[in-house]
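Just so you know, we're using this note's numbering here: the sequence shown kicks off at 1178 and counts up by one.
Using N, Cα and C, we set each Cβ at its ideal position, and we do this for glycine too.
Notes to accompany the following structure.
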Amino acid sequence: MLKKLWNAVEMAALLGPGILLLAIQYARRRDRWEPKAPLPPWQGVGKPLGLTAIPGGVRVRFQGAELEAVFLGEDHLRLTWFPNEAVPSYALTEAGETSSFELEDQEGGYLLKTPRLALAVGEEGLTLWDGAGRLLWQETYPERSGRAWRHRVRLLPEERVLGLGERAYPLDRRGGVFRFWNQDPGGSYGPGEDPLYLSVPLWLSLKPAGECLAFYENSADGFADLRGGEALVGFLGGTFRYHLIPGPLEEALARYVRLTGLPPLPPRWALGFHYARWGLRTRKEVEEVVEGFLRRGLPLKAVHLDIDYMRGYRVFTVDEGRFPDLAGMVRAFGERGVRTVLILDPGVKAEKGFTPYEEGLREGVFCRLPSGEVFLGPVWPGLAAFPDFTDPRSRAWWGEWLKGFLHMGISGFWLDMNEPALFAAWGEPTFPRSVRHSLEGQGGDHALAHNLYGFLMARASFEGFRKHAPHRRPFLLTRAGFAGVQGYAWAWTGDVESTWEGLKATLRALLGLSLSGVYWVGSDIGGFSGNPSPELYLRWFQLAAFTPFFRLHSARWTRRREPWRFGEEVLDGVRWAMAQRERLLPYLYTLAHRASQKGLPLLRPLFLQGGQPDGAGLEEAFLLGSDLLVAPVLEEGARAKRVPLPGGGWYPFEEDRILQGPKWVELPAPLKRIPLLVRAGSILPLLEEGGLSLHLYPEEGGAEGGLYWDEGDGEGPYRLDQFRLFPVEGGYRLLWEGEGEYPWPWEGVGLRLFGRRLLGAWVEGKVFPCQGERVLLPPFREALLEVEG
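In structure tokens form, the structure reads like this:
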């Protein structure tokens, strides 16, 4: 309460005492509307009394409930308990087809089997094994309390629990208590703060033998208590339904992402560097910043405009006095290769004569109180009404309001305050639970719809973008979301504090989101709310350069953050980080394509590679794709980094030596750069010297890699190239196979070989000598590489 009151004081200092008064009035009204009542006593469902076969599974009767167990494929089990409050399955993009199974009677229960799963329905609970007989899941039968359900899942002593969405907590969630309830922590957060903006009720079980993914298809307020030898997981309403998928974890995660929505291929410009700052209040200030980047040769790809561009913080408006001819500015930036992204908040100022508000009232698109009155809550413009994104009409209405901005040339939208967040002097800074939502016409309260709000705002924006700019790929960034949000938007870690601990918490949050299926993630470089030291700023920049979303952003009360304001040494370090990001663009774009087609993560903890050394933590380093290992510096003053290498061979980036894992290695980490390693056996496509180069990192059997490329936006032709390197007498044989109609966009292809000295290459009987460390070849099907020795 004290923290929220202090945040309200900060609001008053920023916007005047009117906001503070509204925040106090709102908190009082909400407390009157919703007196707190304890849950009824928890009651068990009893023992199984019998079952009935249904397509793909069985319906089991209990004294106080029923269980529906259905196989949606050999590797996917769905469990649903009744009675419940049905909520539309917003998260699911595919229903799945039921699978055949075998049913056996056994002492005290039943056994259901597919080739990959076996479920025992016993007297006291459920047990699941994989096809090899390894234990995946063991739970006691659940308990009910009014609308609420909960159950207990056994955890082995050595078991790790991962996922659960965005958390400022170690990547192994064991020992913590977590809430599934999207919440703005209030301007700044640090390690241990919970809940945060984006909850995903998914957890990954990592055992020495047997791995499993569990996804709870429930958007209601929930919790996961992982402090003991069992997980206590529950929800205070909604459908108690959960999906179990066996490992390996990367395959299980890809299966989950296909179930809830593959991330669409982004426009290629979005993979570059983005700049934002709350507090750039005029067009001139924004133009000066953009010019500062471009004049210094810093590759800026997008500028984000925060709420300062709006007229009195009213959504869908532009303050023409401070941002005259915004369309002209957007056009001028675009001619220089810089895209413009606008922030949008869901609150629509409740003001007579304000067109979006008046139209929203006529169309009936706003959330309402049980009395039928439109719900109003305090946000940046004052009292505001809020679209009910669980109503298809409201989503379509919202999408129509994007039309003007899209026709102006705006390239993307940054969706904020969509937990949904309100200004409340105390208590939860969101809607009252009694607020009513459509939920596709069936009706329900905010307790069921809260976690869906940001997700469905992203969906509405995505659909509006596709409608009004059909020849462009949507770029959306959201602060809040739910399972499946990856199908519509990217995410960032919000208002983290500007401290070394905040940097560590950021890496944990990024990896946790990635392990929850939200692959396109990033952070505010340097933290949002404070003033990082030059060293912290640079180390954060280096980390961010190797995460999917690469953006600088901060609060209006902080000192300016442009790289040239920290001195030449920091600027040189920033140049290195930005240059590596630019070079890696073909690799990143190829990873983006794989994610969009196969559901494979971009940002990956090391254990997905296998064979970590003894004592390796989960957050010492990470993988970008499967081939690049990134070891960020997270300690003040460190100039070396102990790196846990997974099994196999690893080359320090652009070096000829190879290190064999699993083991620990200590690598230099001067202020201007961080350790990078490349997996032996990989081929990295990089931009170099105005063209494309393949960096060849062979292992004993050679190397392989791929490249996806297209126009960078829209739905036109593409090309997909595969490269395979084989050792032969005197060198290597390199094969190039391509498909697709998009022409090769570079003059040729450069080759750099690591581990041995490249002398030259033969293509169709013609020799191409090596110039320095690189040989430049025309497009080919087969090349013979000559090496020294």
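Of the residues the options, the one placed nearest residue i, counting alpha carbons only
i, options, result
"Trp1667", "Glu1674, Ala1682, Gly1694", "Gly1694"
"Pro1319", "Pro1441, Gly1664, Pro1852, Gly1221", "Gly1221"
"Tyr1490", "Val1940, Arg1458, Glu1739", "Arg1458"
"Ala1960", "Cys1947, Glu1950, Leu1912", "Leu1912"
"Gly1704", "Glu1712, Gly1234, Phe1726, Gly1679", "Gly1679"
"Pro1217", "Leu1197, Gly1879, Ser1322, Val1492", "Ser1322"
"Gly1537", "Trp1578, Asp1502, Pro1547", "Trp1578"
"Pro1862", "Pro1501, Ala1345, Tyr1766, Asp1371", "Tyr1766"
"Ala1635", "Glu1617, His1645, Leu1654", "Leu1654"
"Leu1633", "Arg1656, Pro1647, Val1662, Gln1315", "Val1662"
"Glu1941", "Gly1917, Arg1910, Val1495, Ala1637", "Arg1910"
"Pro1709", "Ala1732, Glu1274, Leu1688, Trp1697", "Ala1732"
"Gln1202", "Ala1601, Glu1812, Leu1720", "Ala1601"
"Gly1241", "Thr1229, Trp1219, Asp1252, Ile1860", "Trp1219"
"Glu1796", "Leu1684, Arg1350, Gly1618, His1645", "Leu1684"
"Trp1210", "Glu1281, Tyr1374, Pro1547, Pro1441", "Pro1547"
"Leu1690", "Pro1782, Arg1771, Thr1735", "Pro1782"
"Glu1343", "Val1507, Asp1887, Pro1778, Ala1660", "Ala1660"
"Val1698", "Arg1572, Leu1713, Tyr1665, Glu1271", "Tyr1665"
"Leu1977", "Glu1831, Glu1497, Phe1727", "Any question about residue 1977 goes unanswered here, given that the chain covers just 1178 to 1966."
"Gly1581", "His1645, Ser1266, Arg1728, Asp1502", "His1645"
"Pro1558", "Leu1197, Phe1945, Arg1329, Glu1271", "Leu1197"
"Ile1702", "Thr1724, Tyr1374, Ser1571", "Thr1724"
"Pro1347", "Glu1370, Phe1639, Glu1335", "Glu1370"
"Gly1576", "Gly1549, Phe1531, Leu1521, Arg1610", "Leu1521"
"Ser1773", "Asn1395, Val1855, Arg1327, Gly1438", "Gly1438"
Anticipated Cβ contact below 8 angstroms, residue i with residue j, distance rounded
i, j, result
"His1627", "Thr1567", "Actually they are not in contact, since the Cβ atoms of His1627 and Thr1567 sit about 11 angstroms apart, beyond 8 angstroms."
"Gly1802", "Leu1768", "5 angstroms"
"Pro1852", "Ala1793", "15 angstroms between Cβ atoms; not a contact."
"Leu1436", "Leu1269", "6 angstroms"
"Pro1839", "Gly1788", "4 angstroms"
"Leu1313", "Leu1303", "Not confirmed; about 11 angstroms, so no contact."
"Trp1921", "Pro1763", "About 12 angstroms; that fails the 8 angstroms criterion."
"Phe1900", "Gly1882", "5 angstroms"
"Gly1917", "Arg1896", "4 angstroms"
"Pro1444", "Arg1650", "4 angstroms"
Proximal residues to residue i (C-beta, below 8 angstroms), its chain only, five neighbours per side dropped
i, result
"Val1480", "His1451, Tyr1452, Ala1453, Val1463, Val1466, Val1467, Phe1510, Val1515, Arg1516, Thr1517, Val1518"
"Phe1608", "Cys1544, Phe1552, Gly1554, Phe1563, Pro1597, Leu1599, His1623, His1627"
"Phe1278", "Gly1233, Gly1234, Phe1248, Leu1289, Lys1290, Thr1291"
"Gly1367", "Ala1345, Val1673, Glu1674, Thr1676, Glu1678, Gly1679, Ala1682"
"Leu1179", "Residue placement at Leu1179 is poorly supported in this model, since its pLDDT is 45, which falls under 50; the coordinates still yield a value, given next. Here the set comprises nothing."
"Arg1432", "Asp1252, His1253, Leu1390, Ile1422, Gly1776"
"Ala1214", "none"
"Gln1283", "Ala1297"
Cβ shell of residue i (< 6 angstroms), same chain only, five flanking positions each side left out
i, result
"Gly1414", "Glu1262, Arg1324, Ala1397, Ala1624, Leu1625"
"Arg1933", "Val1964"
"Leu1967", "The displayed coordinates of the chain run from 1178 to 1966. Any statement about residue 1967 would go beyond what the structure contains."
"Phe1967", "No statement about residue 1967 is possible, as the shown extent of the chain runs from 1178 to 1966 and does not include it."
"Pro1260", "none"
"Gly1949", "none"
"Leu1256", "Ala1246, Tyr1419"
"Leu1403", "Val1338, Arg1350, Arg1351, Gly1353"
"Phe1500", "Arg1460, Tyr1486"
Beta bridge counterpart(s) of residue i as assigned by DSSP
i, result
"Pro1904", "Tyr1909"
"Ile1422", "Leu1390"
"Ile1196", "Ile1196 is not bridged to any residue."
"Pro1845", "Ala1817"
"Gln1899", "Gly1883, Glu1914"
"His1451", "Ala1479, Arg1728"
"Gln1948", "Arg1951"
Beta-carbon proximity list for residue i, same chain, < 7 angstroms, skipping 5 on both sides
i, result
"Leu1182", "Any reading at Leu1182 must be qualified, since the residue scores a pLDDT of 47, below 50, and its modelled position is unreliable; no value is offered."
"Trp1923", "Gly1868, Leu1869"
"Phe1311", "Rather than Phe, the amino acid found at residue 1311 in this sequence is Arg. Here the set comprises Ala1386, Gly1387."
"Arg1508", "Gly1586"
* Please go through the stretch 1696 to 1775 and give each complete beta strand (DSSP E) segment of 3 or more residues, from N-terminal end onward. => 1698 to 1701, 1726 to 1729
* What residue ranges within the stretch 1648 to 1689 form continuous beta strand (DSSP E) runs of no fewer than 3 residues, ordered along the chain? -> For the beta strand (DSSP E) assignment, the uninterrupted runs of no fewer than 3 residues enclosed by the stretch 1648 to 1689 are, from N- to C-terminal side, 1653 to 1655, 1667 to 1669.
* Runs of beta strand (DSSP E) lying entirely within the stretch 1486 to 1561, each at least 3 residues, in chain order -> Listed in chain order, the complete beta strand (DSSP E) runs (minimum 3 residues) inside the stretch 1486 to 1561 are 1516 to 1521, 1554 to 1556.
* Let me know the beta strand (DSSP E) ranges lying completely inside the stretch 1561 to 1640, each 3 residues or longer, listed in chain order. => 1589 to 1592
* **Complete runs of the beta strand (DSSP E) confined to the stretch 1313 to 1339 [at least 3 residues]** => 1320 to 1322, 1325 to 1331
* **alpha helix (DSSP H) segments (min. 4 residues) lying fully within the stretch 1253 to 1277** => none
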